[in-house]
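*Asks:*
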Amino acid sequence: MEEKKSPKANLENKKLMFMQIGLIISLIIAWLAFEHKSYDKREIDPSLLRQTEVVEEEMVEITKQEEPKPQPVEVPKQTTQLEIVEDDVEVEDIEINAEIDQAEVVEDYTPVEVQEEEVVEAEVFTIVEEMPSYPGGDQKMYEYLGKNIKYPQIARESSIQGRVFVNFVVEPDGSVSNVKVLRGIGGGCDEEAVRVVKSMPKWKAGKQRGKAVRVSYTLPVVFKLQ
-8 MEEKKSPKAN LENKKLMFMQ IGLIISLIIA WLAFEHKSYD KREIDPSLLR QTEVVEEEMV
52 EITKQEEPKP QPVEVPKQTT QLEIVEDDVE VEDIEINAEI DQAEVVEDYT PVEVQEEEVV
112 EAEVFTIVEE MPSYPGGDQK MYEYLGKNIK YPQIARESSI QGRVFVNFVV EPDGSVSNVK
172 VLRGIGGGCD EEAVRVVKSM PKWKAGKQRG KAVRVSYTLP VVFKLQ
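Quick note: the sequence shown uses the working numbering, first residue -8, plus one each step.
Structure follows, in structure tokens:
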């Protein structure tokens, strides 16, 4: 028996495709149903739209503060005392010749020049026949330095130690002047060395040909942590 339908007209092969198309269409309809929004209808009274609320602005009263008037300062009255001189006191008359002849020659005034005396500092020696010395000798000088030097806190914390070379001048009377640092180590040690040298007692002055003279002296001050 021959089949009446052709194989092309058989829909069994396309059942799965139609099922998928139907599923897609149903999903689209469900998505549109969820996305659709509806609003409740409300009736608005037209009279409410015409009403406008009028807000009255508060008027702030501006007050002007009167500046206090400066009070007059009482100035003490000055009184002058007149000294009455008797008429019988004799006063010498001074004759002033106000008329000068044009032919008379008037000498020009020449101010007297005062010459200032120049202060000449005495020569500072570096080496002399008898060098200056600390009272009691070098041992006493080092004892003085050890007792009076205060190790700076910054140098102690930074472990700074070494020698500070201080130069100064021993005057003819034994006093110390012109104290300065030739080579320092920092950390406050330079300033401390200068302070201690300036506070030294008077030295025994240096001598040249039996006369006390100014002598330059360099002293190493040692800073050492114990």
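Virtual Cβ for every residue (Gly too), placed ideally from N, Cα, C.
For the candidate residues PRO192, LEU23, LYS5 and GLN11, whose alpha-carbon lies nearest to that of MET132?
*Replies:* Taking the first residue of the sequence shown as position 1, residue 132 is located at position 141. Per the Cα distances, PRO192.
*Asks:* Can you tell which of GLY201, GLU114, ILE15 and PHE214 has its C-alpha closest to the C-alpha of VAL187?
*Replies:* Counting from one through the sequence shown, the residue named residue 187 turns up at place 196. The shortest Cα separation from VAL187 among GLY201, GLU114, ILE15 and PHE214 belongs to PHE214.
*Asks:* Is the beta carbon of ARG205 closer than 9 Å to that of ALA146?
*Replies:* For this step, residue 146 is matched to residue 155 along the sequence shown. For this step, residue 205 is matched to residue 214 along the sequence shown. Cβ distance not < 9 Å, so ALA146 and ARG205 don't count as in contact.
*Asks:* Quick one: using the 10 Å Cβ neighbour count with 16 as the cut-off for buried, is PHE25 buried or exposed?
*Replies:* Translated into positions along the sequence shown, residue 25 becomes position 34. That one is exposed.
*Asks:* For PHE159, is the classification buried or exposed, using 16 other Cβ atoms within 10 angstroms of its Cβ as the cut-off for buried?
*Replies:* Here residue 159 corresponds to residue number 168 of the sequence shown, with the count starting at 1. With 16 or more Cβ atoms within 10 Å of its Cβ, PHE159 is classed as buried.
*Asks:* Rounded to whole angstroms, what's the CA-CA distance from ILE151 to GLU121? Just pull it up for me.
*Replies:* As a first step, residue 151 is located in the sequence shown; it is residue number 160 there, counting from the start. As a first step, residue 121 is located in the sequence shown; it is residue number 130 there, counting from the start. If you take the alpha carbons of ILE151 and GLU121, they lie about 36 Å apart.
*Asks:* Label GLU134 either buried or exposed according to how many other C-beta atoms from any shown protein chain fall within 10 Å of its C-beta, with 16 as the threshold for buried.
*Replies:* As a position in the sequence shown, residue 134 is number 143, starting the count at 1. Classification of GLU134: exposed, given that the 10 Å Cβ count is below 16.
*Asks:* Compute every distance between the C-beta of LEU173 and the non-hydrogen atoms of the ligand FAD, then say whether any falls below 8 Å.
*Replies:* Within the structure as shown, the ligand FAD is missing, as the structure has no ligands at all.
*Asks:* DSSP puts GLN199 in a beta bridge; with which residues?
*Replies:* Position 208 of the sequence shown holds residue 199. In DSSP, GLN199 forms a bridge with LYS202.
*Asks:* Can you tell me the Cα-Cα spacing of VAL172 and ALA184, whole angstroms?
*Replies:* In the sequence shown, the residue the question calls residue 172 occupies position 181. In the sequence shown, the residue the question calls residue 184 occupies position 193. Near 8 Å, if we compare the C-alpha coordinates of ALA184 and VAL172.
*Asks:* For PRO260, is the classification buried or exposed, using 16 other Cβ atoms within 10 angstroms of its Cβ as the cut-off for buried?
*Replies:* Residue 260 lies beyond the range of the chain shown here (-8 to 217); nothing can be said about it.
*Asks:* Under the three-state reduction of DSSP, which class applies to TYR208: helix, strand or coil?
*Replies:* Taking the first residue of the sequence shown as position 1, residue 208 is located at position 217. Of the three classes helix, strand and coil, the one that applies to TYR208 here is strand, per DSSP.
*Asks:* So what's VAL188 in DSSP terms, helix, strand or just coil?
*Replies:* Taking the sequence shown and counting its residues from 1, the one referred to as residue 188 is at position 197. Of the three classes helix, strand and coil, the one that applies to VAL188 here is helix, per DSSP.
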